[in-house]
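To start, the structure under review is shown below, and the notes come after it.
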Amino acid sequence: MKKLASMWLSFLLVIGVLAGCSLDNGATSGKKEETKKDGSMKIGLSISTLNNPFFVTLKEGSEKAAKEEGVELIVVDAQNDSAKQINDIEDLIQQDVDLILVNPTDSSAVTSAIESANSANIPVITVDRSADGGNVATHIASDNIAGGKMAGEFLLEQLKNGGNIVELEGIPGSSAARERGEGFHQVIDKASNVKVVAKQAADFDRAKGLSVMENILQSHKDIQAVFAHNDEMALGALEALEARGMKDVLVVGFDATEDAVKAVKEGKMAATVAQKPELIGENAVKTALKVLNGEKVDKFIPIPLELVTENQ
Numbered sequence: 003m004k005k006l007a008s009m010w011l012s013f014l015l016v017i018g019v020l021a022g023c024s025l026d027n028g029a030t031s032g033k034k035e036e037t038k039k040d041g042s043m044k045i046g047l048s049i050s051t052l053n054n055p056f057f058v059t060l061k062e063g064s065e066k067a068a069k070e071e072g073v074e075l076i077v078v079d080a081q082n083d084s085a086k087q088i089n090d091i092e093d094l095i096q097q098d099v100d101l102i103l104v105n106p107t108d109s110s111a112v113t114s115a116i117e118s119a120n121s122a123n124i125p126v127i128t129v130d131r132s133a134d135g136g137n138v139a140t141h142i143a144s145d146n147i148a149g150g151k152m153a154g155e156f157l158l159e160q161l162k163n164g165g166n167i168v169e170l171e172g173i174p175g176s177s178a179a180r181e182r183g184e185g186f187h188q189v190i191d192k193a194s195n196v197k198v199v200a201k202q203a204a205d206f207d208r209a210k211g212l213s214v215m216e217n218i219l220q221s222h223k224d225i226q227a228v229f230a231h232n233d234e235m236a237l238g239a240l241e242a243l244e245a246r247g248m249k250d251v252l253v254v255g256f257d258a259t260e261d262a263v264k265a266v267k268e269g270k271m272a273a274t275v276a277q278k279p280e281l282i283g284e285n286a287v288k289t290a291l292k293v294l295n296g297e298k299v300d301k302f303i304p305i306p307l308e309l310v311t312e313n314q
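Position in the sequence shown (first residue = 1) + 2 = my numbering.
See below:
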């Protein structure tokens, strides 16, 4: 009888311990969820460069949304250096972020960093520029091909009598440069009365846009238009043209930065294709939270484009 009582007491003790463990686990789990809601969610944003007004505005849009949603946003600047961007993303992985937003400097080079995040089970979203590899939850950007077409169609409308065009390309290897050029040539190459007489990379940079345009003008003096893959290069090209007194050359940019829109309204630039960088940044953070909450999102989330001219 004593032996039976002892066994029964031991059984009750085991049940008590198990129940206690179960309660502890439940409390811990509930506390974890509460902490996440209180703002411990961490999102990393690896941006190609903050030496460009477009990406500064994109960052500000991301920060605004992060503040509204109560999440922590860690921003790192790759300074247009692919190797630094890879190291930055590895650092974000070590900081145990919940998701990484990537604006690639080079669409191919960034693949290895995205694959590292994949291996760490950290979701990745590409922003403005896509990646050539790795598993990406979604891509948030304006349709760069459509924007390139928009620029090409505008120039054809303006150059009714034909003419020679200079094209300033963005960073080689970036999806934005590739796609904007592709859309532009889909329109321009079909026209018999216009010709791209020079095409050279100026890396989305204003100073390089100036120097590249100066070099091109040494051998191509008879030009009627310039299409630059972004506004910074367009403004650099504009400076080179003005220095030579070539004020009748049509200059079209891409991004609709504050300086470019001002130049358009003053009649110095002919047009710029307007992206909405703040909206891209806001959408990036809000979509990140959807992904983290297990919601299904489209593989591509487009942000609308519009053409800005002097009269619009």
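Yeah, the Cβ is synthetic: ideal placement off N, Cα and C, and Gly gets one too. Computed from a predicted structure; not experimentally measured.
{"Check": "Run through the region 123 to 151 for me and flag every whole beta strand (DSSP E) of 3 or more residues, listed as ranges in chain order.", "Outcome": "126 to 129 and 140 to 144"}
{"Check": "With DSSP as the reference, identify every bridge partner of residue 276, one or two as the case may be.", "Outcome": "257 and 308"}
{"Check": "Let's test the definition: count the other Cβ atoms within 10 Å of the Cβ of residue 150 and tell me whether it reaches 16, buried, or not, exposed.", "Outcome": "buried"}
{"Check": "What number of angstroms, rounded off, separates the C-alpha of residue 185 from the C-alpha of residue 171?", "Outcome": "13 angstroms"}
{"Check": "Give the DSSP-derived three-state secondary structure of residue 200 in the structure shown.", "Outcome": "strand"}
{"Check": "Which first and last residues belong to the alpha helix (DSSP H) in which residue 46 is found?", "Outcome": "Counting along the chain, residue 46 falls outside any alpha helix (DSSP H), though it belongs to the beta strand (DSSP E) covering 44 to 49."}
{"Check": "Classify residue 7 as helix, strand or coil using the three-state DSSP reduction.", "Outcome": "Note that residue 7 scores 44 on pLDDT, short of 50, meaning its location in the model is unreliable and no value can be drawn from it."}
{"Check": "Could you tell me if residue 162 is buried or exposed, where buried requires 16 or more neighbouring beta carbons within 10 angstroms of its beta carbon?", "Outcome": "exposed"}
{"Check": "Could you check which residue in 306, 287, 296 and 134 has the C-alpha nearest to that of residue 66?", "Outcome": "287"}
{"Check": "From the DSSP output, which residues share a beta bridge with residue 175?", "Outcome": "BP columns for residue 175 are empty, so no partner."}
{"Check": "How many angstroms separate the CA atom of residue 48 from the CA atom of residue 194?", "Outcome": "43 angstroms"}
{"Check": "Looking at C-beta atoms only, is the number of pairs between the region 134 to 145 and the region 196 to 214 that lie closer than 8 angstroms three or more?", "Outcome": "no"}
{"Check": "Would you identify the three-state DSSP class for residue 59, choosing helix, strand or coil?", "Outcome": "helix"}
{"Check": "Touching or not, the region 61 to 76 and the region 256 to 274, by the rule of three or more beta carbon pairs under 8 angstroms?", "Outcome": "no"}
{"Check": "Does residue 278 pass the burial test, meaning 16 or more other C-beta atoms within 10 Å, or should it be called exposed?", "Outcome": "buried"}
{"Check": "Starting from residue 233, follow the alpha helix (DSSP H) in both directions and report where the run begins and ends.", "Outcome": "233 to 245"}
{"Check": "Applying the 10 Å Cβ sphere with the 16-neighbour rule, what's the burial state of residue 106?", "Outcome": "buried"}
{"Check": "Where does residue 304 land, buried or exposed, given buried means 16+ other C-beta within 10 angstroms?", "Outcome": "exposed"}
{"Check": "In terms of alpha-carbon separation, which member of 110, 115, 264 and 128 lies closest to residue 302?", "Outcome": "128"}
{"Check": "According to DSSP, what are the bridge partners of residue 315?", "Outcome": "Outside the shown range of the chain, which is 3 to 314, sits residue 315, and nothing can be said about it."}
{"Check": "For residue 268, is the classification buried or exposed, using 16 other Cβ atoms within 10 angstroms of its Cβ as the cut-off for buried?", "Outcome": "exposed"}
{"Check": "Terminal residues of the continuous alpha helix (DSSP H) containing residue 268?", "Outcome": "Where residue 268 is concerned, there is no enclosing alpha helix (DSSP H), given that its DSSP letter is neither H nor E."}
{"Check": "I'd like to know if the region 107 to 123 and the region 236 to 244 are in contact, where contact means that at least 3 CB-CB pairs between them fall below 8 angstroms.", "Outcome": "no"}
{"Check": "Assess, as a yes-or-no matter, whether the region 215 to 227 is touched by the region 239 to 258 under the definition of 3 or more beta carbon pairs within less than 8 angstroms.", "Outcome": "yes"}
{"Check": "Would DSSP call residue 296 helix, strand or coil?", "Outcome": "coil"}
{"Check": "What does the alpha-carbon distance come out to for the pair residue 289 and residue 282?", "Outcome": "10 angstroms"}
{"Check": "Can you give the Cα-Cα distance for residue 152 and residue 309, rounded to whole angstroms?", "Outcome": "7 angstroms"}
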